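Those sequence lines, one after another, are chains A and B.
Residue numbering for the first sequence follows the numbering used here, starting at 4 and increasing by one per position.
Residue numbering for the second sequence follows the numbering used here, starting at 4 and increasing by one per position.
The beta carbon of each residue, even a glycine, is placed where N, CA and C say it ideally should be.
Predicted model only: the values in this text are computed from it and were never measured.
Number of protein chains: 2
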Amino acid sequence: MCNIEKFPIWRVTREGKRHTDDLVTRELPLTIILNNRELVSLLCSPTEQKYLAVGFLSSEGIVKDKDDINSITVDNQRGVVRVEVKEDKKSANELISKHFITSGCGRGTSFYNVVNVQGQTKVESQTVMSALEILSLVKEFQQYSQIYRATGGVHSAALCNTKRILAFTEDIGRHNAIDKIFGRCLLEGMPTEDHIIITSGRITSEILLKVFRRNIPIIVSKSAPTDMGIRLASDLGITLVGFVRGKRMNVYTNDWRIVSDGE
Amino acid sequence: MCNIEKFPIWRVTREGKRHTDDLVTRELPLTIILNNRELVSLLCSPTEQKYLAVGFLSSEGIVKDKDDINSITVDNQRGVVRVEVKEDKKSANELISKHFITSGCGRGTSFYNVVNVQGQTKVESQTVMSALEILSLVKEFQQYSQIYRATGGVHSAALCNTKRILAFTEDIGRHNAIDKIFGRCLLEGMPTEDHIIITSGRITSEILLKVFRRNIPIIVSKSAPTDMGIRLASDLGITLVGFVRGKRMNVYTNDWRIVSDGE
């Protein structure tokens with residue numbers, strides 16, 4: 004895997020040092036050039052760069068549909084993705100220059116605006132699923148997480164229906180992983196509404212808003228949410244499931260979508 | 004603690020649902036206004052906002068010494084820190100407009116430039132420490148991590164000498180936590196050279212560069228590094244210790260600073 008590299012290290016204990024090797028995940032800059040203007044450089048895992056670029060632009064509100072994009076050119080060697088979008092799309096300058104730096108992955112997003120831009124107030128999906136289905140998806144998710152298991156250095160994200168994982172990816176950034184999923188959905192025409200997102204990372208406000216933007220009714224994580232993540236999920240009609248560990252989970256908001264298996 | 008809030012949740016297993024409470028960490032925006040110009044908004048834990056603002060400006064190269072700062076005004080209510088710096092300091096615009104978005108916490112930093120700006124090529128400190136000292140510091144670090152233990156939703160960072168923790172903080176962002184430590188060091192005149200940084204987070208390139216900027220010889224984490232973190236640590240003369248777990252650790256670079264206890 005081009006995402007992993009072997010490094011010589013010292014394994015040290017109180018008793019002594021010994022030479023061994025360790026598998027380490029790779030990190031590379033990716034520069035997105037939008038209509039011939041350098042927009043941003045992301046530090047990321049060097050895979051699925053096209054999906055990352057498109058997912059980023061979509062999360063930032065710069066593109067909404069595949070039709071907004073005239074062309075995409077990926078230069079893997081130089082870590083550059085050039086995207087040409089229709090000129091009437093919202094000015095990248097205006098959107099990105101807000102410099103809203105987030106806790107977890109530094110995406111320039113001003114969430115109150117995102118909610119307004121959306122022109123929509125709630126996720127209305129009637130999707131429900133059982134605790135067993137969530138536990139089963141999370142187990143599958145962990146089996147997919149090969150780079151994490153080898154290196155401990157990445158986050159994972161997946162798009163699922165209630166039965167199985169439809170798209171999976173890993174990246175050193177939890178935001179990048181989610182953007183890669185949504186970039187793929189946009190380019191390949193995979194629907195997101197009525198679907199489920201699983202993330203290995205904590206659920207902060209900006210993660211919640213990325214999910215809202217795609218009309219996703221259920222977000223699942225093995226990690227913790229923040230208070231702002233919970234408040235937004237509650238307001239926006241999203242079911243937030245955290246701390247999926249062992250055979251249990253915490254349902255923070257809109258619990259009606261999660262039924263216990265006896266129901 | 005103002006950093007924690009109790010939320011009603013459903014604890015769900017295959018057998019059923021029951022109501023309980025969960026402690027959740029808080030997340031709030033902090034806006035930094037530099038010389039009357041809105042510079043950036045960070046999503047962070049609402050504590051030590053003065054340290055975070057100054058640490059951020061210092062990590063971005065906008066301030067270097069306490070003397071660069073004319074005044075700091077914190078408005079906790081509105082989540083705003085106003086900083087007045089001497090006008091001859093590098094233009095914030097120029098530095099921040101690079102839009103270098105990182106994997107882990109979204110700080111606009113262009114590392115190759117950071118290294119150049121520094122005018123220094125290596126950390127020369129002769130500090131050494133034993134495996135036992137590292138294990139002991141990490142144990143103390145974990146005892147300090149109260150918000151993490153209560154909520155699972157934050158990162159921690161600490162400045163130490165080889166014997167004990169001198170400054171400790173927690174934040175929803177791993178970058179924020181480190182910036183809070185360095186902001187405090189700058190404002191309170193705490194030296195960083197010859198000292199050790201412990202972080203709960205992964206060691207990516209931009210974390211490494213923050214540490215280099217403060218001439219820190221040893222960085223310790225219970226998590227993984229990336230390849231770029233390792234390469235920079237190697238080049239810049241920093242000892243990178245990762246995966247401190249149980250009674251062992253991985254030393255990735257400049258291992259001469261870590262002696263086993265028999266030596």
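Taking Cβ positions, are residue i and residue j nearer each other than 9 Å?
i	j	result
residue 28 of chain A	residue 153 of chain A	yes
residue 15 of chain B	residue 254 of chain A	yes
residue 198 of chain B	residue 180 of chain B	no
residue 55 of chain B	residue 186 of chain B	yes
residue 149 of chain A	residue 173 of chain A	yes
residue 211 of chain B	residue 241 of chain B	yes
residue 225 of chain A	residue 182 of chain A	no
residue 234 of chain A	residue 203 of chain A	no
residue 175 of chain A	residue 46 of chain A	yes
residue 227 of chain B	residue 245 of chain B	yes
residue 69 of chain B	residue 190 of chain B	yes
residue 263 of chain A	residue 17 of chain B	yes
residue 77 of chain B	residue 36 of chain B	no
residue 141 of chain A	residue 247 of chain A	yes
residue 134 of chain A	residue 231 of chain A	no
residue 125 of chain A	residue 84 of chain A	no
Answer yes or no: does any C-beta atom of chain A fall closer than 9 Å to that of residue i?
i	result
residue 135 of chain B	yes
residue 209 of chain B	yes
residue 62 of chain B	no
residue 29 of chain B	yes
residue 101 of chain B	Low confidence applies to residue 101 of chain B: its pLDDT is 49, below 50, so where it sits in the model is not reliable, and the reading given next is rough at best. By this cut-off, residue 101 of chain B is an interface position.
residue 46 of chain B	yes
residue 88 of chain B	no
residue 172 of chain B	no
residue 192 of chain B	no
residue 65 of chain B	no
residue 18 of chain B	yes
residue 166 of chain B	no
residue 70 of chain B	no
residue 258 of chain B	yes
residue 12 of chain B	yes
Can you say whether residue i is buried or exposed, counting buried as having 16 or more other CB atoms within 10 angstroms of its CB?
i	result
residue 146 of chain A	exposed
residue 270 of chain B	For chain B, the structure presents residues 4 to 266; residue 270 of chain B sits outside this window and is missing.
residue 229 of chain B	buried
residue 6 of chain B	buried
residue 25 of chain B	buried
residue 73 of chain A	exposed
residue 41 of chain B	exposed
residue 80 of chain A	exposed
residue 257 of chain B	buried
residue 192 of chain B	exposed
residue 90 of chain A	exposed
residue 129 of chain B	exposed
Taking 9 Å as the threshold (beta carbon to beta carbon), is residue i in contact with chain B?
i	result
residue 253 of chain A	yes
residue 216 of chain A	no
residue 185 of chain A	no
residue 268 of chain A	Here chain A covers residues 4 to 266 and nothing more, so residue 268 of chain A does not appear.
residue 120 of chain A	Confidence at residue 120 of chain A is low in this model, with a pLDDT of 42, below 50, so its placement is unreliable and the value that follows should be read with caution. It does not: the Cβ of residue 120 of chain A has no partner Cβ on chain B nearer than 9 Å.
residue 203 of chain A	no
residue 106 of chain A	With a pLDDT of only 45 at residue 106 of chain A, under 50, the local geometry of the prediction cannot be trusted, and no value is derived from it.
residue 240 of chain A	no
residue 182 of chain A	no
residue 200 of chain A	no
residue 85 of chain A	no
residue 263 of chain A	yes
residue 25 of chain A	yes
Quick one: does the C-beta of residue i sit closer than 8 Å to a heavy atom of the ligand SAH?
i	result
residue 15 of chain A	Questions concerning the ligand SAH fall outside what the structure shown contains, since it holds no ligand whatsoever.
Could you work out which residues of chain C lie near residue i, taking near to mean beta carbons separated by less than 8 Å?
i	result
residue 156 of chain A	This model lacks chain C altogether, as its protein chains are A and B.
| What residues in the segment 138 to 154 of chain A have a beta carbon less than 8 Å from any beta carbon of chain B? | Residues 138, 154.
| said: With a threshold of 8 Å, are at least 3 pairs of Cβ atoms found where one atom belongs to the segment 216 to 231 of chain B and the other to the segment 194 to 208 of chain B? | reply: Between the segment 216 to 231 of chain B and the segment 194 to 208 of chain B there are three or more C-beta pairs closer than 8 Å, enough to call the two in contact.
| field | Given 8 Å, three or more beta-carbon pairs between the segment 31 to 48 of chain B and the segment 159 to 167 of chain B | value | Fewer than three beta-carbon pairs drawn from the segment 31 to 48 of chain B and the segment 159 to 167 of chain B are found closer than 8 Å, and the two stretches are therefore not classed as touching.
| message | Which residues of the segment 223 to 238 of chain A have a Cβ closer than 8 Å to any Cβ of chain B? Give them in chain order. | response | Residues 226, 227, 228, 229, 230, 231, 232, 233.
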